[in-house]
């Protein structure tokens, strides 16, 4: 039997057809699988910020100037019911396309000879919103295909959420949540049945039926939907009657404007996102109210800006963030977020230096520090009251915020070390070398932000509560602003010694409060460690307060840097700080971190460890490194006559005899000022005539100038060269001192030792000799 050529070709031809059909089919399947874009809606969203309980604080409009909130996951039950009943009753029964609805639409359109119905399901409408193309038959086919594909990717609830989030609601309002806030002033979760029905019918024809026009048509549409809900027993008759009587909303409402500076910050950092902050709306509003009230008082003195920050220490979360006042006003730089703006620190950093000195064992809490005139290469710090105490305990110097002792302490600690300490503490605004700041670093020579500084105080507090009451507590570099981030374990080892922190807080809780009453004698008033700061020229006023539960930071001033008399931390920022603490829950004081402290016997007069000749001592807790400090250097044994009038030596005691006593004697320059505030202080008695001093105790000390000082002499008004006033302290009130400039005698002083000289440019030496033959010299340089 023979097979023809034509018969032999038939199977091959059929195979080719099958292959083509297979390829086409596979291509269609692949196209169907991948036809839906991975990102369905390629649009910009508004930046929405809520408090920790999802209550709206504020929002910033999307980049395309649409109020389109980020997509929601679920639609509230009332709105869901209204949408389904109005748009797609069979939503839960179809796979994206309703054949019956499409058939009905075709018949209606043929009968009307125009398009009166599209037969679109909510899924198809979602696709149309995403594609934003003109309505054509081809487009309708694409919508049908994409709709079925969308049903495979998302659940019904998610599809409903996509539709509700992108449906137009008139004007530039897009999406359910934005519409709820713009038209009704609250969240979609709190919509009434009438409000839900209104929003359900609006997207159907937002260009024809709008709140500002065709209100009658909108009301009729809403009421028909309500009647449908009643007929289906989805609402009862009383709800129906009440809903009919609810008026339609008027003009769009402004969105809330709570914590506007934080909203702006999130707009910059998380543009187009839904941000759940750590703030507590009620607390935020109370703090804003306090700042606005104080702003009314301060503005009378032309002080126009305030900022405040409240941190929950244990949660390490910010609960109130007020970057400034009067955000809507643009006249006084009110939109500047002061919390993140670098400002001169004033004295607000002094507790960090005190803590650093304690934890490194450089001083003890009450060690005497010099408070005398100082000139270091032209830098002449002054205390706020322009007076000197001679010597003052370190704790008292901090509590009184004395500048001169702080400069001496920083000189002892070193500027580079403290600079590094502040960097580790989180100050991000130190952008110059340490040498540029010099010793002014402790007096406001550097800039810091309220955010950084309050965070650093917060870290100190966290160190204490982790060590004592909450060992599981972690120490974080910065407090959290986003609730989602606060659950992360981004922790670091504390740079602080708990004992040093506790001593620091114990010291600054003694700072005098703005209240006229003495808080220490009122048991109901909580303990607060707090510190103020005032920048040079009265430009910035600071106050930071700490309890085991909260850190509160306040800044007062003018954002443009304009100084005002009376703009001090104690007079302005301090009262605001305590007003804020008054609305916060009180707490007990920090527990003592005994494991990081040790008992030590100290000299009560000098604050040093007990020395050999200290007679009055006390036992206190000190950081462990404090045991490395030197014993008291100001007590020593001296031989005096029985009446304590003269010092003597055994070989010249005479018939009167001698007695050995312990004497507390400060350096002469310290003593000169110290005895003015401590009348009981006694200088060392002079040597008895005929007894030669052994040179062990120098009775004189230069107050000015400091050794190796560089001195500039500005010209006088008449053009003549300037002069230098040299000052000397002598521990004998009636001593006579002879002065020499470069070995040339220039004069004699008695009782009060000051002399005015006019040295030439260059290096010089001033030498003094007292009536007992004691000699002292100081070198200096005239620039």
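Residue numbers (this note's numbering): 110 to 892. Even for Gly, the Cβ is constructed at its ideal location relative to N, Cα and C.
Work out the CA separation of residue 545 and residue 691 for me, nearest whole Å.
In a straight line, the C-alpha of residue 691 is about 41 Å away from that of residue 545.
Measure from the alpha carbon of residue 766 to the alpha carbon of each residue in 752, 781, 731 and 331, then state which is nearest.
For residue 766, the nearest C-alpha among the options comes from 752.
Taking 8 Å as the cut-off, decide whether the C-beta atoms of residue 839 and residue 808 are in contact.
Yes, the Cβ-Cβ distance between residue 839 and residue 808 is below 8 Å.
According to DSSP, residue 715 sits in a beta bridge with which residue or residues?
According to DSSP, which records beta bridges pairwise, residue 715 is partnered with nothing at all.
Which residue marks the beginning of the beta strand (DSSP E) containing residue 890, and which one marks its end?
Counting along the chain, the beta strand (DSSP E) containing residue 890 begins and ends at 884-891.
Which class does residue 551 belong to by DSSP, given the choice of helix, strand or coil?
Looking at residue 551 - three-state DSSP - the assignment turns out to be helix.
Note the first and the last residue of the continuous beta strand (DSSP E) segment covering residue 384.
Residue 384 -> beta strand (DSSP E) spans 383-385.
Return helix, strand or coil for residue 834, following the three-state DSSP convention.
Residue 834: strand per DSSP, three-state reduction.
Evaluate residue 265 with the Cβ neighbour count: other Cβ atoms within 10 Å of its Cβ, from every protein chain shown; 16 or more gives buried, anything less gives exposed.
Classification of residue 265: exposed, given that the 10 Å Cβ count is below 16.
If you run the structure through DSSP and keep just helix, strand and coil, what is residue 879?
Residue state, collapsed to three classes: strand.
How would you call residue 126, buried or exposed, if buried means at least 16 neighbouring beta carbons within 10 angstroms?
When all chains shown are included, residue 126 counts as exposed.
For the candidate residues 748, 353, 297 and 159, whose alpha-carbon lies nearest to that of residue 303?
Of 748, 353, 297 and 159, the residue nearest in Cα terms is 353.
To the nearest angstrom, report how far apart residue 642 and residue 786 are at their CA atoms.
When rounded, the distance between both Cα atoms is 25 Å.
May I ask you to report which of helix, strand or coil DSSP gives residue 720?
Coil at residue 720, not helix or strand.
Counting only runs that start and end within the stretch 622-673, where is the beta strand (DSSP E) found for 3 or more residues in a row?
Taking only runs of at least 3 residues, the beta strand (DSSP E) segments lying wholly in the stretch 622-673 are 638-643, 649-655 and 659-666.
Any chance you could list the beta strand (DSSP E) runs of at least 3 consecutive residues sitting entirely within the stretch 731-760, in chain order?
You should have 744-749.
Can you tell me which of the three DSSP states residue 146 falls into?
It is coil, neither helix nor strand.
Measure the Cβ-Cβ separation of residue 528 and residue 465 and say whether it is below 8 Å.
No, the Cβ-Cβ distance between residue 528 and residue 465 is not below 8 Å.
Near residue 393, which residues of its chain fall below 8 Å by C-beta distance, leaving aside the five closest residues on each side in sequence?
Here the set comprises 160, 166, 367, 368, 428, 429, 430 and 431.
Suppose contacts are defined by Cβ-Cβ distances below 8 Å. Is residue 774 in contact with residue 743 by that definition?
Cβ distance < 8 Å, so residue 774 and residue 743 count as in contact.
Helix or strand or just coil, what does DSSP make of residue 403?
Reduced to three states, the DSSP call for residue 403 is helix.
Going by DSSP, name the residue or residues bridged to residue 727.
Looking at the DSSP assignment, residue 727 forms a beta bridge with 711.
So what's residue 604 in DSSP terms, helix, strand or just coil?
In the structure shown, residue 604 sits in coil (DSSP, three-state: anything other than H, G, I, E or B).
Measure the C-alpha to C-alpha separation of residue 769 and residue 750 and round it to an integer number of angstroms.
Whole-angstrom Cα-Cα distance: 9 Å.
Measure the alpha-carbon distance for residue 873 versus residue 822 and round it to whole angstroms.
If I take the Cα positions, the gap works out to 14 Å.
For the alpha helix (DSSP H) containing residue 347, list its first residue and its last residue.
First-last of the alpha helix (DSSP H) with residue 347: 346-354.
Hey, would you say the C-beta of residue 800 is under 7 Å away from at least one heavy atom of the ligand GTP?
With respect to the ligand GTP, the structure offers nothing, as it holds no ligand at all.
If you drop the 5 nearest sequence neighbours on each side, which residues of the same chain put their C-beta closer than 8 Å to that of residue 436?
Contacts found: 366, 369, 370, 443 and 444.
For residue 277, which of helix, strand or coil comes out of DSSP?
Residue 277 falls in the strand class under three-state DSSP.
According to DSSP, simplified to helix, strand and coil, what is residue 477?
Of the three classes helix, strand and coil, the one that applies to residue 477 here is strand, per DSSP.
Look at the alpha carbon of residue 169 and the alpha carbon of residue 677, and state the distance between them as a whole number of angstroms.
Answer to the nearest angstrom: the Cα atoms are 36 Å apart.
For residue 397, is the classification buried or exposed, using 16 other Cβ atoms within 10 angstroms of its Cβ as the cut-off for buried?
Buried, by the Cβ-count rule.
For residue 620, does the three-state DSSP call read helix, strand or coil?
Of the three classes helix, strand and coil, the one that applies to residue 620 here is coil, per DSSP.
If you draw a straight line from the C-alpha of residue 112 to the C-alpha of residue 133, how long is it?
Only weak support is given to the placement of residue 112: the predicted model assigns it a pLDDT of 49, under 50, and the question is left unresolved by the model.
Suppose contacts are defined by Cβ-Cβ distances below 8 Å. Is residue 177 in contact with residue 283 by that definition?
Yes; because the gap between Cβ atoms is below 8 Å, this pair is in contact.
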